[in-house]
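The block underneath contains the structure these notes are about, expressed in structure tokens.
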Amino acid sequence: MNFIKQLEQTISAAQAFTTRSVRQLTTTLILTAGALVPQAVVAGELYGQEWHPLTQRVTLQLQPLEPGSYSAPTPRFKSLEQGQLPGLENEAKIQAQTEYLAAKFGKSESTIREYVELAWKEASKREGMSPELLIAMMQKESAFRPKVQSRYGAQGLMQVVRRWHPDKLHPSESLFDPEVNIRVGADVLEEYLEKADGSLNKALKKYSGNARGYATRVLDESYKLARVAAEAAGQVLASKG
Numbered sequence: 002m003n004f005i006k007q008l009e010q011t012i013s014a015a016q017a018f019t020t021r022s023v024r025q026l027t028t029t030l031i032l033t034a035g036a037l038v039p040q041a042v043v044a045g046e047l048y049g050q051e052w053h054p055l056t057q058r059v060t061l062q063l064q065p066l067e068p069g070s071y072s073a074p075t076p077r078f079k080s081l082e083q084g085q086l087p088g089l090e091n092e093a094k095i096q097a098q099t100e101y102l103a104a105k106f107g108k109s110e111s112t113i114r115e116y117v118e119l120a121w122k123e124a125s126k127r128e129g130m131s132p133e134l135l136i137a138m139m140q141k142e143s144a145f146r147p148k149v150q151s152r153y154g155a156q157g158l159m160q161v162v163r164r165w166h167p168d169k170l171h172p173s174e175s176l177f178d179p180e181v182n183i184r185v186g187a188d189v190l191e192e193y194l195e196k197a198d199g200s201l202n203k204a205l206k207k208y209s210g211n212a213r214g215y216a217t218r219v220l221d222e223s224y225k226l227a228r229v230a231a232e233a234a235g236q237v238l239a240s241k242g
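With our numbering applied, the sequence shown covers 2 to 242.
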């Protein structure tokens, strides 16, 4: 009943806004809640001016994708399990990201959906960390292959090396378990962010072992995922207006 009431309240609130107000509200929610764009973006710390054109242009991160590159799906609202992110808009964002990634990687929606939901769950526990960032890291690290292992011993979706982080998981836990892997990967990134005084660039470089171009590619993909989610959320609000 609480969920139904929440939906009714969302619909009633959305009807009070004009199309222009809806756009402003969506942008405000994205920037203030930190649900789509890493807080470091808002703080202007995400990129160094010498190597990325998006410096000081936060609004560009929320623009639609290139014509023809992606069409946000009509949201299909599913029930989220208890403890995961409820709400009509978040459901639309999660489903849109799921469909985008499933099509891109040729994987089933049910498989990708699990990883996307876990990323949202772990990001919600950590200040300054977006689900899009974790999803983009999974995409770059493993192409969403939960059983992959490198010759250096990096395992799973986020390619965590167990011997380097023994304090972050129990001996009985497996890094081939998506839930464990994403949790530990997020813990590692959080630790690196603290050591780098909040610099996402430095944290990502350390996570990748200073791999050339890693931070740029991960952040660019996180922006695409944020735009996919923003478009889906905008459709929800516009459809109720």
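Cβ coordinates follow ideal geometry from the N, Cα and C atoms, glycine included. Everything numeric in this text was worked out from a predicted model, so none of it was measured.
> Nearest to N91 by CA position, among E118, K225, P172, is which residue?
Replying inline: Across the set E118, K225, P172, the C-alpha of E118 shows the shortest separation from the C-alpha of N91.
> Start and end of the alpha helix (DSSP H) containing K206?
Replying inline: In the DSSP assignment, K206 falls within the unbroken alpha helix (DSSP H) covering 201–208.
> Which two residues bound the contiguous alpha helix (DSSP H) that contains L220?
Replying inline: From DSSP, the alpha helix (DSSP H) with L220 extends over 215–240.
> What three-state label does DSSP hand A144 in the structure shown?
Replying inline: Note: A144 maps to coil in three-state DSSP.
> Any chance the region 224–235 sits against the region 94–108, with 3 or more Cβ pairs inside 8 Å?
Replying inline: Yes, the region 224–235 is in contact with the region 94–108.
>> Between which residues of its own chain and E180 is the CB-CB distance below 8 Å, once the five residues before and five after are set aside?
In response: Excluding five sequence positions before and after E180, the CB atoms of its chain that fall closer than 8 Å to its own CB belong to L119, given in chain order.
> If you draw a straight line from the C-alpha of K206 to the C-alpha of H171, how long is it?
Replying inline: Cα-Cα distance, rounded: 26 Å.
> By how many angstroms is the C-alpha of V149 removed from the C-alpha of S143?
Replying inline: Approximately 7 Å between the Cα atoms of the pair.
>> Does E133 come out as helix, strand or coil in the three-state DSSP assignment?
In response: If DSSP states are grouped into helix, strand and coil, E133 belongs with the helices.
>> Among M159, E110, L201, T99, whose alpha-carbon lies nearest the alpha-carbon of E128?
In response: Cα-wise, what sits closest to E128 is L201.
> If we count the other Cβ atoms within 10 Å of its Cβ and call it buried at 16 or more, is W165 buried or exposed?
Replying inline: Burial call: exposed.
> Excluding sequence positions up to five away, which residues of its chain have a Cβ less than 8 Å from the Cβ of S175?
Replying inline: In its chain, beyond the 5 residues on either side, V181 have a beta carbon closer than 8 Å to the beta carbon of S175.
>> On the DSSP letters alone, give me the boundaries of the alpha helix (DSSP H) that F106 sits inside.
In response: DSSP places F106 in the uninterrupted alpha helix (DSSP H) bounded by 89–106.
>> What would DSSP say about V181, mapped onto helix, strand or coil?
In response: In the structure shown, V181 falls within a helical segment according to DSSP collapsed to helix, strand and coil.
> Going by beta carbon distance, what residues of the same chain come within less than 6 Å of S223, once the five residues before and after it are set aside?
Replying inline: Setting aside the 5 residues that flank it on each side, S223 is surrounded in the same chain by E133, L134, A137, each with a C-beta closer than 6 Å to its C-beta; the list follows chain order.
> What are the partner residues of A155, as DSSP defines its beta bridges?
Replying inline: DSSP output for A155 lists V162 as bridge partner(s).
> Quick one, are the C-beta atoms of K169 and V219 less than 8 Å apart?
Replying inline: Cβ distance not < 8 Å, so K169 and V219 don't count as in contact.
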